[in-house]
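Chemist:
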Amino acid sequence: YFIHKLNQGELKRREEEENKKEEPDDLNGKGRSSSSSSVETEEDLDNFSLLRTRRAILSAEVVVIVVDGLNMFSTRDIQIMKLILKQGKSLVVAVNKMDASSNDIEEYTEWMLSFFRRMGSKIPVVEMSAKQGWGVSEIMDTAIGVSK
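The opening position of the sequence shown corresponds to residue 38 in this note's numbering, with each subsequent residue numbered one higher.
1) With the cut-off set at 8 Å, would you say I160 and V132 are in Cβ contact?
2) Kindly indicate the opening and closing residues of the alpha helix (DSSP H) around A180.
3) Looking at Y145: is its Cβ nearer than 8 Å to the Cβ of G182?
4) Have a look at V103 and D114 and give me their C-alpha separation to the nearest angstrom.
5) Using only the alpha-carbon positions, how far apart do S127 and M109 sit?
6) In whole angstroms, what separates the C-alpha of Q124 from that of M135?
7) For V173 and S166, I'd like the C-alpha separation in whole angstroms.
8) Take the Cβ of T179 as the centre, count every other Cβ of all protein chains shown within 10 Å, and call the residue buried at 16 or more, exposed below.
9) Where does M177 land, buried or exposed, given buried means 16+ other C-beta within 10 angstroms?
10) DSSP on I160, reduced to helix/strand/coil?
11) Looking at E147 and V163, is the spacing between their C-beta atoms short of 8 Å?
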């Protein structure tokens, strides 16, 4: 299973649906402001996304998380990884965009490996480039390997 966040298009679609609803929030019958609606929608989507993620983790034997090699983990990424390990599931981290030439990528990869060691786990990290098409078969091979 690949765990992913709801994409921005889905977020926008749900926000628009929520904004179409004019639910009174007081006795005067005035509708909510769009900023209040937007915040509630984002929170709802975040909770919905987390629920779907938890369900996928529970039903998976191995979880592959694809992270952007040019950006650090988000707080949510770390929470999800901890949840996966807490559930006793195998985890593979695929680092995308490794074709970009940058010293930051090497530093990030070293930081990531150190992070996993601190978590007390041997988590395989697979470098990949979706754009160039390399590393994908290694992800599958690694996922199969950790499931045995």
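A virtual CB, placed ideally from N, CA and C, is assigned to each residue, including glycine.
Quick caveat: nothing in here was measured; it's all calculated off a predicted structure.
Modeler: So, from the data block:
1) no
2) V173 to S184
3) no
4) 10 Å
5) 22 Å
6) 29 Å
7) 8 Å
8) buried
9) exposed
10) coil
11) no
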